[in-house]
Amino acid sequence: MIKLTCGATDCVHNSRELCTARSIHVGGIATESSEGTQCDTFSPKGVKNAFNSLGNMNLTGEFKQLFTKEDIKMSPGIGCSAEKCVFNEKRICSASDVRIEGLGADSSEATNCSAFRMN
(Lines of atoms letter the chains of each structure in order from A and count residues from 1; the text may use other names and numbers.)
(Lines give C-alpha, C1' and ligand atoms only; values in the text may rest on other atoms or scores of the structure.)
Protein backbone atom coordinates (compact mmCIF):
# COMPACT_ATOMS: atom_id res chain seq x y z
CA MET A 1 0.00 0.00 0.00
CA ILE A 2 1.24 3.48 -0.85
CA LYS A 3 1.80 5.73 2.14
CA LEU A 4 0.35 9.14 1.21
CA THR A 5 0.61 12.23 3.37
CA CYS A 6 -0.68 15.64 2.40
CA GLY A 7 0.56 19.11 3.26
CA ALA A 8 -2.30 20.84 1.41
CA THR A 9 -4.08 21.57 4.67
CA ASP A 10 -6.72 23.75 3.01
CA CYS A 11 -7.95 20.87 0.82
CA VAL A 12 -11.39 19.43 1.51
CA HIS A 13 -9.85 15.92 1.45
CA ASN A 14 -7.18 16.70 4.08
CA SER A 15 -7.70 15.35 7.59
CA ARG A 16 -4.65 15.74 9.86
CA GLU A 17 -2.34 15.51 6.81
CA LEU A 18 -4.01 12.31 5.59
CA CYS A 19 -6.06 12.19 2.41
CA THR A 20 -9.70 11.13 2.76
CA ALA A 21 -10.21 10.74 -1.00
CA ARG A 22 -10.65 7.24 -2.41
CA SER A 23 -8.40 8.19 -5.34
CA ILE A 24 -6.39 11.20 -6.45
CA HIS A 25 -4.75 12.21 -9.71
CA VAL A 26 -1.35 13.86 -10.03
CA GLY A 27 -0.98 15.98 -13.16
CA GLY A 28 2.11 17.27 -14.94
CA ILE A 29 2.39 15.48 -18.29
CA ALA A 30 5.69 16.91 -19.58
CA THR A 31 7.19 18.15 -16.31
CA GLU A 32 10.78 17.44 -15.36
CA SER A 33 10.50 18.44 -11.69
CA SER A 34 8.17 18.01 -8.73
CA GLU A 35 7.31 21.72 -8.94
CA GLY A 36 5.65 21.03 -12.30
CA THR A 37 3.27 18.46 -10.83
CA GLN A 38 -0.02 19.13 -9.10
CA CYS A 39 -2.76 17.27 -7.27
CA ASP A 40 -5.66 17.59 -9.71
CA THR A 41 -8.01 16.30 -6.99
CA PHE A 42 -7.32 19.31 -4.73
CA SER A 43 -10.46 21.21 -3.81
CA PRO A 44 -10.57 24.10 -1.30
CA LYS A 45 -12.36 23.42 1.98
CA GLY A 46 -15.99 24.52 2.09
CA VAL A 47 -19.50 23.14 2.38
CA LYS A 48 -20.13 23.03 -1.38
CA ASN A 49 -16.83 21.28 -2.15
CA ALA A 50 -17.32 18.84 0.75
CA PHE A 51 -20.72 17.89 -0.65
CA ASN A 52 -19.31 17.56 -4.19
CA SER A 53 -16.51 15.27 -2.97
CA LEU A 54 -18.79 12.74 -1.23
CA GLY A 55 -18.57 10.36 -4.18
CA ASN A 56 -14.78 10.15 -3.80
CA MET A 57 -14.58 9.45 -0.06
CA ASN A 58 -12.51 6.57 1.29
CA LEU A 59 -14.99 5.51 3.97
CA THR A 60 -13.33 2.14 4.61
CA GLY A 61 -9.92 3.78 5.04
CA GLU A 62 -11.34 6.45 7.34
CA PHE A 63 -13.00 3.78 9.52
CA LYS A 64 -9.76 1.75 9.76
CA GLN A 65 -7.78 4.90 10.57
CA LEU A 66 -9.97 5.53 13.62
CA PHE A 67 -8.43 2.49 15.30
CA THR A 68 -4.74 3.16 14.67
CA LYS A 69 -2.44 6.07 15.29
CA GLU A 70 0.85 4.52 14.12
CA ASP A 71 0.03 3.17 10.65
CA ILE A 72 -1.54 4.94 7.73
CA LYS A 73 -4.60 2.94 6.69
CA MET A 74 -6.28 5.73 4.72
CA SER A 75 -4.27 5.92 1.49
CA PRO A 76 -6.02 6.59 -1.82
CA GLY A 77 -5.09 5.14 -5.15
CA ILE A 78 -2.89 7.56 -7.09
CA GLY A 79 -3.33 8.06 -10.81
CA CYS A 80 -0.49 9.94 -12.49
CA SER A 81 0.02 11.67 -15.82
CA ALA A 82 3.62 12.81 -15.11
CA GLU A 83 5.08 10.80 -18.00
CA LYS A 84 8.71 11.46 -17.07
CA CYS A 85 8.41 10.22 -13.47
CA VAL A 86 10.18 6.96 -12.65
CA PHE A 87 7.21 5.93 -10.46
CA ASN A 88 4.62 6.31 -13.24
CA GLU A 89 3.68 2.79 -14.30
CA LYS A 90 0.91 2.88 -16.89
CA ARG A 91 -0.52 6.08 -15.35
CA ILE A 92 -0.50 4.64 -11.80
CA CYS A 93 1.95 5.80 -9.12
CA SER A 94 4.19 3.02 -7.79
CA ALA A 95 6.10 5.07 -5.18
CA SER A 96 5.86 3.64 -1.68
CA ASP A 97 5.96 7.02 0.07
CA VAL A 98 4.20 10.04 -1.46
CA ARG A 99 3.71 13.51 -0.05
CA ILE A 100 1.55 16.15 -1.68
CA GLU A 101 2.84 19.62 -0.81
CA GLY A 102 0.65 22.70 -0.80
CA LEU A 103 0.65 24.59 2.49
CA GLY A 104 -1.79 27.49 2.05
CA ALA A 105 -2.78 26.32 -1.45
CA ASP A 106 -6.03 27.70 -2.83
CA SER A 107 -5.92 25.78 -6.12
CA SER A 108 -4.45 22.58 -7.53
CA GLU A 109 -1.75 24.61 -9.30
CA ALA A 110 -0.34 25.55 -5.87
CA THR A 111 0.26 21.88 -4.95
CA ASN A 112 2.92 19.39 -6.06
CA CYS A 113 4.00 15.79 -5.63
CA SER A 114 7.28 15.54 -3.73
CA ALA A 115 7.78 11.91 -4.81
CA PHE A 116 8.41 12.91 -8.45
CA ARG A 117 11.74 11.63 -9.79
CA MET A 118 12.92 11.90 -13.40
CA ASN A 119 13.33 8.60 -15.19
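Just so we're aligned, residue 612 is where the sequence shown starts under our numbering, counting upward by one. The beta-carbon is built from N, C-alpha and C at its ideal position, and this holds for glycine as well.
Nearest C-alpha to Cys650 among Phe678, Gly618 and Val637: Val637. The straight-line gap separating the alpha-carbon atoms of Ser692 and Thr679 is approximately 32 Å. Glu673: member of the alpha helix (DSSP H) spanning Leu670 to Gln676, first to last residue. Counting only the Cα atoms, Ser686 lies some 15 Å from Ala619. For the options Lys656, Ala641, Thr631 and Lys701, the alpha carbon positioned closest to that of Lys695 is the one of Ala641. Exclusion of the five residues before and after His624 leaves Cys630, Thr631 and Ala632 as the residues of its chain whose Cβ lies within less than 6 Å of its Cβ. Between Thr616 and Ile635, the C-beta spacing is not below 8 Å.
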